[in-house]
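Before any comments, here is the structure.
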Amino acid sequence: MAYYRPPGPPPDPVLVKSLTQQQHDMRQRVRHEPLAHEPRLIAGCDSSFPTPDTILSVFVVLKFPSLELVEKVYNYGPVDMPYMPGFLSFREAPNVIHTFAKLQNKPDIIMVDGHGIAHPRRMGIAAHLGVLLDMPTFGVAKQKLTGAFEEPGITRGSITELLDTKSGEVIGEVIRSKDKVLPLFVSPGHRCDQATATRLTLACLRGYKLPEPTRLADHWAEEFKKEVR
DNA sequence: GCGACAG
DNA sequence: ATCTTGTCGC
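Mapping of the first sequence onto this note's numbering: residues 757 to 985, in sequence order.
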């Protein structure tokens with residue numbers, strides 16, 4: 757009997773070591789603090805893949821707290837880096853940065869589809885982008901990457917903490933954004949704290965599992981994808 | 001050695 | 001992420 761083996765070529769240990777070092781370095785630049793002022797504009801960021809080697813990223817900007825859509829932009833290009841758990845940002849961040857540059861309306865904070873510091877080295881894509889853009893960011897993920905948590909109540913608004921299994925430190929919060937649907941994993945990225953990330957996530961809920969910034973970015977990523985291929 | 005593993 | 005049909009529950 758053959759044992760189970762994950763698909764795809766094995767990761768290059770030399771590359772993994774380099775990327776890991778880069779994350780440790782970037783981690784030193786991450787800051788957690790409350791926002792200087794209440795946001796007027798909040799952005800949503802997400803990426804999709806029209807083809808296996810093409811990435812298309814989207815940024816939507818909404819007024820806050822009305823959540824009225826004021827702008828949406830996208831950019832796409834080739835992707836070289838393969839997907840590796842824990843190193844997602846090296847695959848997606850380059851194109852996301854180019855997309856951000858196209859925005860006419862710069863947001864006060866960015867909600868990213870993915871994790872903030874709820875990452876093995878506290879450098880999820882939200883934190884990674886925050887450092888590169890020097891912008892307040894936080895992550896809203898649909899699946900856990902690392903950590904342990906207690907299942908939050910089944911009603912909308914229930915929250916529990918996501919803890920690092922090793923140190924016990926709080927690395928995020930698990931939020932039930934809608935009655936009886938799988939919870940979201942919210943964590944601060946850069947220039948943002950947990951309280952702010954959680955508060956804004958809840959303030960952006962409109963009856964769907966995903967908060968508006970991320971939900972709309974996801975929606976437009978699908979629409980733009982049709983135009984491109 | 002055995003699981004877990006964002007998008 | 002992406003490929004995909006029908007199906008269960010509110």
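By construction, the Cβ of each residue, glycine as well, lies at the ideal position given by its N, Cα and C atoms.
Owing to the predicted nature of the structure, the values given are computational and were not obtained by experimental measurement.
Minimum C-alpha distance to residue i - residue among the options
{"i": "F905", "options": "K819, N831, I811, F941", "result": "F941"}
{"i": "E983", "options": "T807, Q779, E789", "result": "T807"}
{"i": "G895", "options": "D869, H875, T911, L919", "result": "D869"}
{"i": "T893", "options": "P795, D920, R912", "result": "P795"}
{"i": "L797", "options": "N861, G842, P850, F805", "result": "N861"}
{"i": "R847", "options": "T855, Q777, M837", "result": "M837"}
{"i": "I865", "options": "L956, Q777, L812", "result": "L956"}
{"i": "C801", "options": "M840, L859, V926", "result": "L859"}
{"i": "P765", "options": "G963, H780, Y839", "result": "Y839"}
{"i": "L844", "options": "Q779, M891, R785", "result": "Q779"}
Nearest-angstrom Cβ-Cβ length linking residue i and residue j, presumed shorter than 8 angstroms
{"i": "S933", "j": "K965", "result": "5 angstroms"}
{"i": "R947", "j": "R787", "result": "6 angstroms"}
{"i": "G945", "j": "A882", "result": "3 angstroms"}
{"i": "H884", "j": "S943", "result": "13 angstroms between Cβ atoms; not a contact."}
{"i": "F980", "j": "L818", "result": "That pair is no contact at about 17 angstroms."}
{"i": "V926", "j": "Q950", "result": "7 angstroms"}
{"i": "R877", "j": "T776", "result": "7 angstroms"}
Span separating the alpha-carbon of residue i from that of residue j
{"i": "M879", "j": "S803", "result": "18 angstroms"}
{"i": "I853", "j": "V814", "result": "10 angstroms"}
{"i": "A758", "j": "P767", "result": "Residue placement at A758 is poorly supported in this model, since its pLDDT is 43, which falls under 50; the coordinates still yield a value, given next. Using only the alpha carbons, I get a separation of about 21 angstroms."}
{"i": "G833", "j": "P850", "result": "10 angstroms"}
{"i": "T954", "j": "I873", "result": "14 angstroms"}
{"i": "A857", "j": "Y830", "result": "10 angstroms"}
{"i": "D935", "j": "P769", "result": "43 angstroms"}
{"i": "E789", "j": "S774", "result": "29 angstroms"}
Contact check, residue i vs residue j, beta carbons under 8 angstroms
{"i": "V930", "j": "P908", "result": "yes"}
{"i": "L969", "j": "V816", "result": "The sequence shown places Pro at residue 969, not Leu. For P969 and V816, yes; Cβs fall inside 8 angstroms."}
{"i": "G928", "j": "L938", "result": "no"}
{"i": "M867", "j": "A959", "result": "no"}
{"i": "T902", "j": "L791", "result": "no"}
{"i": "H875", "j": "G842", "result": "yes"}
The ligand ATP heavy atom lying under 7 angstroms from the CB of residue i
{"i": "Q778", "result": "The ligand ATP is not part of the structure shown, which contains no ligands of any sort."}
Segment limits, alpha helix (DSSP H) that includes residue i
{"i": "I881", "result": "881–889"}
{"i": "M867", "result": "Here M867 belongs to no alpha helix (DSSP H); instead the beta strand (DSSP E) covers 865–869."}
{"i": "N851", "result": "844–857"}
{"i": "E968", "result": "968–984"}
Residue i, enclosing beta strand (DSSP E) - first and last residue
{"i": "H986", "result": "What is shown of the chain runs 757 to 985, which leaves residue 986 out entirely."}
{"i": "I931", "result": "926–931"}
{"i": "L901", "result": "Careful: L901 lies outside any beta strand (DSSP E) and carries neither H nor E."}
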